[in-house]
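Residue numbers (full-length UniProt numbering): 1 to 361.
The C-beta atom is built at its ideal place from N, Cα and C for all residues, glycine as well.
It should be emphasised that the depicted structure is a prediction, and the values quoted were computed from it without experimental measurement.
What follows is a single structure, written as structure tokens, with notes after it.
Pasting the structure below:
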């Protein structure tokens with residue numbers, strides 16, 4: 001019988017709410033999700049408070065209450081400017097980028113049944129990088145550069161899907177992954193060529209800065225442009241959450257259980273690509289979030305996608321927000337996000353590799 005996209009699956013004996021899970025000492029999912037949400041709230045408070053102009057939690061709460069019409073507490077104009085115009089867009093953008101990359105990584109890892117898969121496996125980051133570098137090389141305005149990065153990411157994955165659909169008689173998952181690697185390498189060579197041809201005094205520093213990732217220049221316009229694609233792309237992942245669990249069994253088993261494998265695979269890839277392209281177009285190349293955060297979430301709540309997706313979204317938002325706060329507060333010069341996520345992500349991933357035993361069971 002076909003699986004419903006919104007109906008509830010049969011309850012497993014190993015779910016966290018079952019007596020067997022309670023006897024093993026597993027933490028209930030609701031409690032885990034609440035803890036991750038509390039971690040995100042704490043990261044938001046620290047992000048707003050940290051900086052050259054400190055803002056207390058009381059000032060932040062007073063401004064929010066005043067904006068929502070729930071109070072009339074007096075807030076200094078400087079505090080309102082810092083919260084509303086400077087840190088506010090950056091904090092919300094960091095949360096959206098982290099949530100989008102984490103959700104994409106969780107979806108890709110389950111879809112391809114591979115714990116080493118990240119959101120750029122199909123070349124979306126390489127395509128976005130080439131688009132952005134072309135925009136910088138042509139001295140286009142920032143908005144046009146972001147648009148070219150977004151379009152480049154979508155176009156790269158479109159090429160990979162077209163190549164995979166043209167090759168018959170092979171494992172479709174393997175063809176997709178290898179096609180993504182090849183197309184990504186080709187686009188990476190284009191980025192390298194443009195870096196070699198770029199003006200070393202103006203264009204090359206801008207290209208290097210974008211490729212390392214940063215949220216230092218985001219504004220309300222960037223935030224407004226990021227919200228729709230992330231929200232639209234999350235919707236099919238939520239609706240297909242049960243079918244994604246079935247897809248982890250393999251194509252033959254999923255087909256036997258009534259899942260339209262090719263349709264689900266294309267929808268998930270398009271949704272994950274849309275989120276990743278939108279995030280990368282705003283933040284630049286930020287690695288490790290889509291690889292590391294799903295592993296952490298899977299270690300906390302298990303591999304079931306219905307629990308994994310919300311946990312990864314909240315954890316990704318908290319993780320990238322914390323990293324961005326560190327990037328702008330560790331020293332007099334802001335550190336690139338891509339560098340900091342790699343420095344933090346490498347030892348954490350090695351720890352998960354050595355001691356994480358629950359993630360894929």
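Asked: Residue 330 to residue 51 span [Cα, whole Å]; Found: 10 Å
Asked: Member of 297, 178, 247 whose CA lies at the smallest distance from the CA of residue 317; Found: 297
Asked: Stretch pair the stretch 160-178 + the stretch 210-219: three plus CB contacts closer than 8 Å; Found: no
Asked: Contact set for residue 91: own chain, Cβ-Cβ below 7 Å, skip 5 residues either direction; Found: 44, 47, 48, 321
Asked: Residue 278 versus residue 226 - alpha carbon distance; Found: 6 Å
Asked: Residue range of the unbroken alpha helix (DSSP H) whose run includes residue 233; Found: 220-239
Asked: Where residue 208 sits in the DSSP three-state scheme; Found: helix
Asked: Proximity to residue 139 [Cα-Cα], best of 263, 152, 204, 307; Found: 204
Asked: Close Cβ partners of residue 154 (< 8 Å) along its chain, the five nearest in sequence each way excluded; Found: 124, 127, 273, 274, 277
Asked: Contacting residues, own chain, Cβ-Cβ under 8 Å from residue 23 (five flanking each side not counted); Found: Any reading at residue 23 must be qualified, since the residue scores a pLDDT of 40, below 50, and its modelled position is unreliable; the value itself is stated next. Nothing meets the Cβ criterion.
Asked: Cα-Cα separation, residue 335 to residue 214; Found: 8 Å
Asked: Proximal residues to residue 261 (C-beta, below 8 Å), its chain only, five neighbours per side dropped; Found: 247, 251, 254, 255
Asked: Beta carbon of residue 294 nearer than 7 Å to that of residue 106; Found: yes
Asked: Secondary structure of residue 201, DSSP reduced to three states; Found: coil
Asked: Cβ neighbour criterion (16 or more within 10 Å) applied to residue 281; Found: buried
Asked: Top-ranked residue by Cα proximity to residue 306, from 237, 69, 77, 230; Found: 237
Asked: Cβ-based neighbour list, residue 271, same chain, cut-off 6 Å, excluding 5 preceding and 5 following; Found: 233, 236, 237
Asked: Buried or exposed by the 16-neighbour rule on C-beta atoms within 10 Å, applied to residue 145; Found: buried
Asked: Runs of alpha helix (DSSP H) lying entirely within the stretch 233-310, each at least 4 residues, in chain order; Found: 241-247, 251-256, 261-283, 289-301
Asked: Residue environment, residue 104, which counts as buried when at least 16 other CB atoms sit within 10 Å; Found: buried
Asked: Range covered by the alpha helix (DSSP H) that runs through residue 351; Found: 337-355
Asked: Straight-line gap, residue 64 to residue 85 (C-alpha atoms, nearest Å); Found: 13 Å
Asked: Of the listed residues 344, 211, 314, 333, nearest to residue 99 (C-alpha basis); Found: 314
Asked: Exposure label - residue 230; buried when at least 16 CB within 10 Å; Found: buried
Asked: Option in 34, 166, 112, 35 with minimal Cα separation from residue 268; Found: 112
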